[in-house]
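Have a look at the structure below, then the notes.
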Amino acid sequence: MTEFVAEKSNLCTKIAERLGELTLRRVAKEAVDNAQLNHPFIGEGKSIRSLQDTELMDGDSALVIAAGPSLHRFDTARLIKESGFKGILVATESSMAWCLRNGIVPHLTVTLDPHPKRIVRWFGDPDLSKTDLDVDDYFARQDFDPIFREKEIEFNRELLSLVDGHGPQMKIAVASCASHTVIRRVMESKMDAYWWNPMYDDTDIGDGLTRRLYELNRLPCLNAGGNVGTACWVFAHAVLKKKKIGILGMDLGYYDDTTYRETQKYYELIDLVGEDRLDEVFIHIHNPYVNRTFFSEPTFVWYRDAFLQMAEWANEDGVQTYNCTGGGILFGDSIKFTSFEDFLAATRC
Amino acid sequence: MSELLRGNFKPRTNVSAEIKSKDTVDCFEEEALQRLGGSITFVARKKFVWDGDAPALAGKS
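Chains D and G, in that order, are what the protein sequence lines are.
Quick note on our numbering: the first sequence kicks off at 89 and runs consecutively.
Quick note on our numbering: the second sequence kicks off at 30 and runs consecutively.
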């Protein structure tokens, strides 16, 4: 089935087209600061090159688990556990919590977002307080794993235990820009850490940020595609050399029963255009594979466009991507939108 | 109606409404836009891995 051309709002498209440059402007300073702060840990630790000396290189298939709403809206945990899938599981830090809570331990977890307070929540935040929840409703507000709405403080304690308990058996790819709060949890839980640099700009630029960071720490630089889910997919084929990659939980959009308030950038979008113009910045896309309409926002549209472009590059390397999410807006010529069962069948060939 | 709403006193000092300069509006919009950015960057026209002068994670077959 050919790519369904989405009906994009002009404003959504205009914003999405600028997000590459805007993201770099926003994260550049923090990226450098954190890379310098993390330098001592990096010096004592391992590069992601060492992942190629591990058992993660066995086999040719991987399953990427991201944290989109389809992950918890379907009985995904049971599907994974009963699948008999022999490949490796590569999870975002955001889906790691869901995985561990459902008795699934990823072979590799990836973390990259430098946010000092939000990302550590996925690891269990030892400093989480009621005041934090009053100040930032990011987790309670969105269509994440429902447990974040039901019992945030209690689940945070549970997650601390889960991560501490499983940590010694877990490998994690840590971006040099990761915040000190995440690094502390990685160390506390004794995860096996492998370090990497995100790619920030064209590496042909002599004094570009990517080159400067590489000169600082000599870590490989990965084109992360804007978000940790895409980064996991890059790890699966570009580092671990898998040719068949399934994806779960990468919706890059919202179910039609989601309110605008429950979207990721709700407050930011209100700041930009005002509440009465929100209709202009969200787009509605019909997914013909599941015959359902989803809506999305500029950030996710940018992620989607980046992913489809990268998937095309990956096709040239003989890599086939199977989006088994079961919903969302990530579909196009360069990937197969299939059922999880079809992906499993493909991996047995 | 406008005549009914006409002011009937003169202030001692001239008070002018604050007029936001284009720079201020642009700056606010730019900051608001930046907050919409992704978790990290995506570098178009570049592939997946760059490992300096060394072969990019050649790995094992």
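Cβ coordinates follow ideal geometry from the N, Cα and C atoms, glycine included.
Model, not experiment: these values are computed from the prediction.
Beta bridge counterpart(s) of residue i as assigned by DSSP
| i | result |
| --- | --- |
| TYR226 (chain D) | BP columns for TYR226 (chain D) are empty, so no partner. |
| ALA261 (chain D) | D:VAL198 and D:TYR282 |
| LEU177 (chain D) | D:LEU151 |
| SER183 (chain D) | Note: SER183 (chain D) sits in no beta bridge, so no partner. |
| ASN411 (chain D) | D:ILE335 and D:PHE425 |
| TRP79 (chain G) | D:CYS309 |
Between the CA atoms of residue j and residue i - distance to the nearest angstrom
| i | j | result |
| --- | --- | --- |
| GLU429 (chain D) | LEU159 (chain D) | 16 Å |
| LYS174 (chain D) | VAL208 (chain D) | 30 Å |
| ASP421 (chain D) | LEU310 (chain D) | 24 Å |
| PHE425 (chain D) | PRO128 (chain D) | 43 Å |
| ALA87 (chain G) | ASN244 (chain D) | Any reading at ALA87 (chain G) is ruled out, since the residue's pLDDT is 49, under 50, leaving its predicted position unreliable. |
| ASP359 (chain D) | LEU62 (chain G) | 9 Å |
| MET89 (chain D) | LYS75 (chain G) | Bear in mind that the predicted position of MET89 (chain D) carries a pLDDT of just 38, short of 50, making it unreliable; the figure below should be weighed with that in mind. Straight-line Cα distance between these residues: approximately 28 Å. |
| LYS117 (chain D) | PHE77 (chain G) | 23 Å |
| LEU107 (chain D) | THR387 (chain D) | 7 Å |
| PHE57 (chain G) | ILE103 (chain D) | 15 Å |
| ALA228 (chain D) | LYS353 (chain D) | 14 Å |
| GLU240 (chain D) | THR346 (chain D) | 20 Å |
| GLY81 (chain G) | ARG299 (chain D) | 8 Å |
| TYR377 (chain D) | LYS218 (chain D) | 42 Å |
CB contact flag (residue i, residue j, <7 Å)
| i | j | result |
| --- | --- | --- |
| ILE176 (chain D) | VAL327 (chain D) | no |
| ASN315 (chain D) | GLY67 (chain G) | yes |
| LYS344 (chain D) | PRO157 (chain D) | Here residue 344 (chain D) is Asp; the residue named in the question, Lys, does not match the sequence. For ASP344 (chain D) and PRO157 (chain D), no; Cβs fall outside 7 Å. |
| TYR288 (chain D) | LEU112 (chain D) | yes |
| PHE211 (chain D) | ARG272 (chain D) | no |
| VAL198 (chain D) | CYS320 (chain D) | yes |
| LEU125 (chain D) | HIS195 (chain D) | no |
| LEU307 (chain D) | TRP284 (chain D) | yes |
| GLY317 (chain D) | THR180 (chain D) | yes |
| GLY337 (chain D) | ILE153 (chain D) | yes |
Per-residue contacts from residue i into chain G (C-beta, under 8 Å)
| i | result |
| --- | --- |
| GLY294 (chain D) | Result: empty, since nearest Cβ-Cβ is about 13 Å, beyond 8 Å. |
| TRP401 (chain D) | LYS76 and PHE77 |
| CYS356 (chain D) | Sequence check: residue 356 (chain D) is Glu here, not Cys. Within chain G, the residues near GLU356 (chain D) are ALA61, ARG64 and LEU65. |
| LYS306 (chain D) | Just to set this straight, residue 306 (chain D) is Arg in the shown sequence, not Lys. Those are GLY81, listed as they occur along chain G. |
| LEU247 (chain D) | Residues of chain G passing the Cβ test: none, with the nearest at roughly 20 Å. |
| PRO204 (chain D) | Here the premise fails: no neighbours, minimum Cβ distance about 13 Å. |
Neighbour list for residue i in chain G, Cβ cutoff strictly below 7 Å
| i | result |
| --- | --- |
| MET338 (chain D) | Simply none; closest approach about 14 Å. |
| VAL322 (chain D) | PHE77 |
| ALA123 (chain D) | Chain G residues near ALA123 (chain D): none, gap ~13 Å exceeds 7 Å. |
| LYS353 (chain D) | LEU65 |
| THR413 (chain D) | Within 7 Å Cβ-Cβ: nothing; THR413 (chain D) doesn't reach chain G, min ~19 Å. |
Chain-ordered chain D contacts of residue i [CB-CB under 8 Å]
| i | result |
| --- | --- |
| THR70 (chain G) | GLY108, THR111, LEU112, VAL115, PRO286, MET287, TYR288, ASP289, ALA312 and GLY314 |
| ASP55 (chain G) | Within 8 Å Cβ-Cβ: nothing; ASP55 (chain G) doesn't reach chain D, min ~13 Å. |
Interface flag, residue i vs chain C, CB-CB below 7 Å
| i | result |
| --- | --- |
| CYS309 (chain D) | Although the question refers to chain C, the structure presented lacks it and instead comprises the protein chains D and G. |
Under 9 Å by beta carbon: chain G residues contacting residue i
| i | result |
| --- | --- |
| TRP186 (chain D) | Here the premise fails: no neighbours, minimum Cβ distance about 18 Å. |
With a floor of 3 residues, list each beta strand (DSSP E) that falls wholly inside the stretch 324-406 of chain D, ordered by position along the chain. Counting only runs of at least 3 residues, the stretch 324-406 of chain D fully encloses the following beta strand (DSSP E) elements, listed from N- to C-terminal order: 332-336, 371-375 and 380-384.
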